[in-house]
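Okay, structure first, notes after.
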Amino acid sequence: MSLTNPSQLVLKHQNRLPQQLLLLNADGDALPQALIEAGKSVHILTPDFLNHQQLSKQCPAAHNHFGVDGQGIQADAAILRIPKAREQLRYLAALACAVLPQGAPVYLVGENKGGIRSAGKTVAPFLGNCGKLASGNHCQLLEGHTQSDQALDMAQWWLPYEVSTPDGPLSLASLPGVFSHGELDEGTELLLQHLPEHPVGRVLDFGCGDGVIGAFLARRNPAIELEMVDINAMALAASQQTLAQNGLKGKVYPSNGLSGVEGQFDLIVSNPPFHHGATQTFDTARQFIRDAAKALKPGGQLIIVANHHLPYGDDFAHVFGRVQIVAANNKFKIYADSKNN
Numbered sequence: 001m002s003l004t005n006p007s008q009l010v011l012k013h014q015n016r017l018p019q020q021l022l023l024l025n026a027d028g029d030a031l032p033q034a035l036i037e038a039g040k041s042v043h044i045l046t047p048d049f050l051n052h053q054q055l056s057k058q059c060p061a062a063h064n065h066f067g068v069d070g071q072g073i074q075a076d077a078a079i080l081r082i083p084k085a086r087e088q089l090r091y092l093a094a095l096a097c098a099v100l101p102q103g104a105p106v107y108l109v110g111e112n113k114g115g116i117r118s119a120g121k122t123v124a125p126f127l128g129n130c131g132k133l134a135s136g137n138h139c140q141l142l143e144g145h146t147q148s149d150q151a152l153d154m155a156q157w158w159l160p161y162e163v164s165t166p167d168g169p170l171s172l173a174s175l176p177g178v179f180s181h182g183e184l185d186e187g188t189e190l191l192l193q194h195l196p197e198h199p200v201g202r203v204l205d206f207g208c209g210d211g212v213i214g215a216f217l218a219r220r221n222p223a224i225e226l227e228m229v230d231i232n233a234m235a236l237a238a239s240q241q242t243l244a245q246n247g248l249k250g251k252v253y254p255s256n257g258l259s260g261v262e263g264q265f266d267l268i269v270s271n272p273p274f275h276h277g278a279t280q281t282f283d284t285a286r287q288f289i290r291d292a293a294k295a296l297k298p299g300g301q302l303i304i305v306a307n308h309h310l311p312y313g314d315d316f317a318h319v320f321g322r323v324q325i326v327a328a329n330n331k332f333k334i335y336a337d338s339k340n341n
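The structure is reproduced here in structure tokens:
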């Protein structure tokens, strides 16, 4: 397994690192194993379920954690791989303060084009004396120190907003790192206008984000058997909060694609992601469409929204034998079709 450029930079300066390390938002590469081979004790906390699965398999000697809060982890220092969302970086810095002793070192690493140059200012409320330690391979390594050891107060990080629907207002909750954080994106807004008025049976919200699609359908018919999946632990926490705030029920759990989903559904709905981290990729969504067709009951329906430029019509044609666009504007298309047998 190779090392990303940020991980290579960290490894070059491993002698500066304390013994017990926490890797926050880690890439799914060989860095944890390399650090263990250098004699370090490594905890990994990632909100990315795919990375968690990969790292658990590749590096069983590390303590692997999937989640949002780091409860129960003990470490002397943290290596924080900066995310693309600035508010998520602030959240991770606050999390480091909650897990580590006051004054503990936190090493921020990232690519120049990924926001590392401004990262020190972003985390200043949480990490003091944050300055550049090293650079190379178009990356920088910064070092700061935790300014407190206060527990993480999740209430400070929820971003509430409201969506008007024909069935009444929905109260949404979002966390940093969730898609379209704190607002309804235009694609999902169009999708909501073209969902069934009377959903029934088993319903799956794939790539659930803050839970707006699943909550919208459960509000229309609270009797549906709703399941909501995402790869992002922050999204799963947000969806659970959204359901709770609206008095709705649903099963919320992580899944890499549909690999963690069992059984067949009467309705599968999604605004499928086409990014993994900062990388644009169509593979997840295209595989989802093909797998979703198999996960539908006879007569079951798949409905997705997609940007105009995304090539999902080919996948609908492959699995359904045709392409049905039920709505479109100058930015988005709504694809929908049913399983015949």
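With UniProt numbering applied, the sequence shown corresponds to residues 1 to 341, in that order. For every residue, glycine included, the Cβ atom is placed at its ideal position computed from N, Cα and C.
Beta-carbon spacing of R86, P6 below 8 Å: no
Closest Cα partner of I79 within the set P101, K121, A26: A26
R322, buried or exposed, once every other Cβ within 10 Å from all chains shown has been counted against 16: exposed
Cβ neighbour criterion (16 or more within 10 Å) applied to residue 345: Any property of residue 345 remains undetermined from this structure, which presents the chain solely from 1 to 341.
Bounding residues of the alpha helix (DSSP H) (the contiguous stretch that carries K294): 283-294
Reduced DSSP category for C208 - H, G, I as helix; E, B as strand; rest coil: coil
Nonlocal neighbours in the same chain, by C-beta distance under 7 Å from L248, ignoring five residues either side: A215, A218, R219, P222
Separation of A61 from D36, as counted between CA atoms: Before going on, a small fix: residue 36 reads as Ile here, not Asp. Roughly 8 Å between the two C-alpha positions.
Residue burial classification, M154 (beta-carbon count within 10 angstroms, cutoff 16): exposed
7 Å CB neighbourhood of W157 in its chain, flanking five on each side removed: Y91, L175, P176
Those residues which DSSP pairs with V229 across a bridge: F206, Y253
Nearest-angstrom beta carbon gap, L141 and V10 [assumed within contact, 8 Å]: 6 Å
Collapsed DSSP secondary structure at Q14 in the structure displayed: helix
Own chain residues within Cβ distance below 8 Å of L100, not counting five before or after: L22, A75, D76, A77, A78, V106, T146, D149
Boundaries of the beta strand (DSSP E) in which T146 is found, first to last residue: 139-146
Environment of N64 [buried if 16+ CB atoms lie within 10 Å]: buried
Cβ-based neighbour list, F265, same chain, cut-off 7 Å, excluding 5 preceding and 5 following: R202, V203, L204, A295, L296, K297, G300
Any C-beta of chain B under 8 Å from that of H43: The displayed structure is made up of one protein chain only, and chain B is not part of it.
Proximity of I231 and N256 at Cβ, strictly below 8 Å: yes
As assigned by DSSP and simplified to three states, the class of D266: strand
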